[in-house]
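Engineer:
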Amino acid sequence: MSKKIPALRIRNFNIYYENQKIIEDTCLDIPQNQITAIVGPSGCGKSTFLQSLNRMNELDGNIKTEGKIEFFGQNIYGRRVNLNRLRRQISLVYAKPNLFPMSIYDNIAYGVKLIGWNPKVELDKIIQSSLKTVHLWEELKNKLHKSALDLSYGQQKRLCIARALAVKPQVLLIDEICAGLDYISAAKIEEVIECLSSELTIVFISHNIQQVSRLSDFTALFHYNQNQVGQLLECSATKQFITHSFYPGHFDYVVNRFR
Ligand code: ADP
4 MSKKIPALRI RNFNIYYENQ KIIEDTCLDI PQNQITAIVG PSGCGKSTFL
54 QSLNRMNELD GNIKTEGKIE FFGQNIYGRR VNLNRLRRQI SLVYAKPNLF
104 PMSIYDNIAY GVKLIGWNPK VELDKIIQSS LKTVHLWEEL KNKLHKSALD
154 LSYGQQKRLC IARALAVKPQ VLLIDEICAG LDYISAAKIE EVIECLSSEL
204 TIVFISHNIQ QVSRLSDFTA LFHYNQNQVG QLLECSATKQ FITHSFYPGH
254 FDYVVNRFR
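Using our numbering, read the sequence shown as starting at 4 and increasing by one per residue.
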């Protein structure tokens, strides 16, 4: 693990929807400027956990949490936390592209305007650099005012990443990084993540172990525990995770699903 303090420090964290426990007693450090992959079977709470890292799942309604998550030492579940600021610092890209029914330009400008970075020249620069980062500028520079919803699925996913980057986050969370994408679009997204890794802390969910091994520094394995509730079972350097699982009870899972 890195000697720097973790970007996110999660301690004894529980999550409930409508009083049903989804995540139990999870402790994890997310190292800064590293890429952490989250893997595990469907339904074990990976997305719920990811969304709790910037409190986005509170938009879904009846959620309750226990335990602590610190972002560079600040408790993000504290009473004085400014949620808009938190979600700008820790930006989330959902599994399915969720663009607004607006132009490509306005989709990216939306969050930037909310912060108050309004001058047009400034906005134009941010939009250009965000699109360049996700390798969409050449494809889209002549149709910035066309509807974002007319883009291909792969372009929409990259535009969602561009939108998340435009507000200059410190942490980027990406759910199901390449789900539903053809291999060319997936390769483009992997290239983007690799380029970003020197400047950002990245956490992504994937079901593709080859991708996890290519992209991530650390791998966090979630699974159901003995109470049939999702829990982090291990987090190790990806190279070690790939070669052998340290968690005897889940060796078969890792072997069968990921090798
Ligand atoms: P994964 O990402 O590992 O597939 P999820 O985090 O999507 O798992 O879901 C974990 C559990 O939480 C599932 O049982 C799911 O039905 C439940 N769940 C997810 N979102 C909600 C919600 N908004 N309200 C109630 N239950 C939810």
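Virtual Cβ for every residue (Gly too), placed ideally from N, Cα, C. Please read these numbers as outputs of a predicted model, since none were measured by experiment.
1. For residue 91, I'd like the list of residues in its chain whose CB is within less than 6 Å of its CB, leaving aside the five on either flank, ordered along the chain.
2. Measure the alpha-carbon distance for residue 114 versus residue 52 and round it to whole angstroms.
3. Taking residue 63 as the reference, give the member of 84, 18, 159 with the closest Cα.
4. Kindly examine the ligand ADP and report whether one of its heavy atoms sits closer than 8 Å to the Cβ of residue 76.
5. With residue 243 as the anchor, note down where its alpha helix (DSSP H) starts and where it stops.
6. Give the straight-line distance between the Cα atoms of residue 154 and residue 243, rounded to the nearest whole angstrom.
7. Grab me the residues of residue 34's own chain with a C-beta within less than 8 Å of its C-beta, minus the 5 sequence neighbours each way, in chain order.
8. Can you tell me which of the three DSSP states residue 70 falls into?
9. If we ignore side chains and look at the alpha-carbon of each, how far apart do residue 199 and residue 180 end up?
10. What's the call for residue 21, buried or exposed, on a 16-neighbour Cβ count within 10 Å?
Structural biologist: Taking the structure as given:
1. As a position in the sequence shown, residue 91 is number 88, starting the count at 1. Closer than 6 Å at the Cβ level, and outside the excluded window around residue 91, lie 170.
2. Within the sequence shown, the letter at position 111 stands for residue 114. Within the sequence shown, the letter at position 49 stands for residue 52. Those two C-alpha atoms are separated by around 23 Å.
3. Within the sequence shown, residue 63 is the residue found at index 60, counting from 1. Out of 84, 18, 159, 18 has the C-alpha closest to the C-alpha of residue 63.
4. Within the sequence shown, the letter at position 73 stands for residue 76. Taking the Cβ of residue 76 as the reference point, every heavy atom of the ligand ADP lies at 8 Å or farther away.
5. Here residue 243 refers to the residue found at position 240 of the sequence shown. Unbroken alpha helix (DSSP H) run through residue 243: 241-246.
6. By 1-based counting over the sequence shown, the position of residue 154 is 151. By 1-based counting over the sequence shown, the position of residue 243 is 240. Roughly 39 Å separates the two Cα atoms.
7. Here residue 34 corresponds to residue number 31 of the sequence shown, with the count starting at 1. These residues qualify, in order along the chain: 4, 5, 7, 9, 10, 204, 220, 221.
8. Position 67 of the sequence shown, counted from the first residue, corresponds to residue 70. Residue 70 falls in the strand class under three-state DSSP.
9. Looking up residue 199 in the sequence shown gives position 196. Looking up residue 180 in the sequence shown gives position 177. Those two C-alpha atoms are separated by around 14 Å.
10. If you number the sequence shown from 1, residue 21 lands on position 18. Exposed, by the Cβ-count rule.
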